[in-house]
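Numbering (our numbering), first residue to last: 59 to 373. To start, the structure under review is shown below, and the notes come after it.
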């Protein structure tokens with residue numbers, strides 16, 4: 059049985075045909091409209107039909123959709139998706155009416171976590187937390203081999219655990235959320251702050267950014283760090299320390315066997331992992347007798363959302 063996984067982002071809809079091994083057999087990508095629920099459903103339906111037309115008849119049986127927003131416990135209604143302008147939107151019904159197939163809706167970070175648990179860095183592990191370090195922080199929790207969604211379907215919003223009282227303002231409306239210190243946005247803030255306050259230490263990053271502080275972005279900082287630039291490595295160390303601190307808190311609550319780190323910030327590999335592991339080890343209480351969760355890098359990259367959504371449609 060084949061399924062189609064769809065990953066709805068703020069700017070694009072990516073979809074793929076997924077088999078039972080988590081392999082993506084075919085792919086399409088289209089721009090996604092914002093503040094247009096009917097238009098968004100049309101784009102998703104067009105993507106699905108385009109993929110179905112290239113498969114043998116009746117081989118695609120269901121569609122899973124990952125969306126960046128709160129999805130209800132029935133996996134049918136998008137309660138809130140700010141970047142898409144959706145609120146209490148019956149997205150499942152809209153799309154089913156257009157394509158005539160069973161549809162499952164899921165939060166995109168949950169879908170990515172499920173993909174890593176089934177086919178990626180967490181395969182074979184029943185208790186795992188996936189942390190996606192992108193512009194913000196997304197999360198997904200797998201407990202006893204099942205995706206943990208919470209009573210109302212919105213569990214694992216771990217990027218908004220409060221780390222600093224009266225800390226940095228977060229787009230969610232609170233202050234001091236974890237993602238303000240441990241995300242791609244936080245990494246950029248560290249790089250630009252260093253470029254403003256200590257241009258000598260940020261010389262390589264500024265060189266890569268053509269001397270413009272505002273162009274010191276994630277890719278610039280990552281490239282400089284991979285070249286061994288100390289200023290860029292300092293930025294990663296500071297962000298990595300915050301990541302490790304947050305993981306230590308999650309370990310005390312959930313006690314997973316493994317953390318899987320994904321998202322663009324994790325592309326730095328060992329440059330990020332070294333400070334993350336060091337701060338995690340330091341801040342988990344009751345050491346050295348306590349057994350610690352392993353920290354791994356995600357394996358599926360940008361296809362995790364498609365693979366996870368497609369596999370959830372199969373279950």
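Glycine included, C-beta positions come from ideal geometry on N, C-alpha and C.
What does the alpha-carbon distance come out to for the pair residue i and residue j?
i: residue 233; j: residue 296; result: 19 angstroms
i: residue 302; j: residue 334; result: 4 angstroms
i: residue 269; j: residue 246; result: 15 angstroms
i: residue 192; j: residue 217; result: 10 angstroms
i: residue 205; j: residue 111; result: 31 angstroms
i: residue 167; j: residue 272; result: 29 angstroms
i: residue 370; j: residue 294; result: 34 angstroms
i: residue 151; j: residue 92; result: 19 angstroms
i: residue 343; j: residue 310; result: 8 angstroms
i: residue 319; j: residue 256; result: 30 angstroms
i: residue 118; j: residue 109; result: 9 angstroms
i: residue 129; j: residue 144; result: 11 angstroms
i: residue 305; j: residue 361; result: 24 angstroms
i: residue 363; j: residue 97; result: 21 angstroms
i: residue 244; j: residue 73; result: 29 angstroms
Report the three-state DSSP secondary structure of residue i (helix, strand or coil).
i: residue 315; result: coil
i: residue 276; result: helix
i: residue 163; result: strand
i: residue 221; result: coil
i: residue 60; result: strand
i: residue 81; result: coil
i: residue 195; result: strand
i: residue 117; result: coil
i: residue 232; result: coil
i: residue 264; result: helix
i: residue 209; result: coil
i: residue 372; result: helix
i: residue 227; result: strand
i: residue 93; result: coil
i: residue 174; result: helix
i: residue 339; result: helix
i: residue 258; result: coil
i: residue 323; result: helix
i: residue 181; result: coil
Taking 8 angstroms as the threshold (C-beta atoms), are residue j and residue i in contact?
i: residue 142; j: residue 66; result: yes
i: residue 366; j: residue 169; result: yes
i: residue 153; j: residue 99; result: yes
i: residue 113; j: residue 60; result: yes
i: residue 139; j: residue 122; result: no
i: residue 263; j: residue 231; result: no
i: residue 209; j: residue 131; result: yes
i: residue 71; j: residue 82; result: no
i: residue 101; j: residue 90; result: yes
i: residue 368; j: residue 62; result: yes
Based on the DSSP secondary-structure assignment, which residues constitute the bridge partners of residue i?
i: residue 204; result: 201
i: residue 72; result: 65, 87
i: residue 352; result: 316
i: residue 187; result: 199, 317
i: residue 147; result: 136
i: residue 125; result: 66, 165
Count the other CB atoms, across all protein chains shown, that sit within 10 Å of the CB of residue i; report buried if there are 16 or more and exposed otherwise.
i: residue 299; result: buried
i: residue 237; result: buried
i: residue 165; result: buried
i: residue 229; result: exposed
i: residue 190; result: buried
i: residue 314; result: buried
i: residue 280; result: buried
i: residue 248; result: buried
i: residue 180; result: buried
i: residue 258; result: exposed
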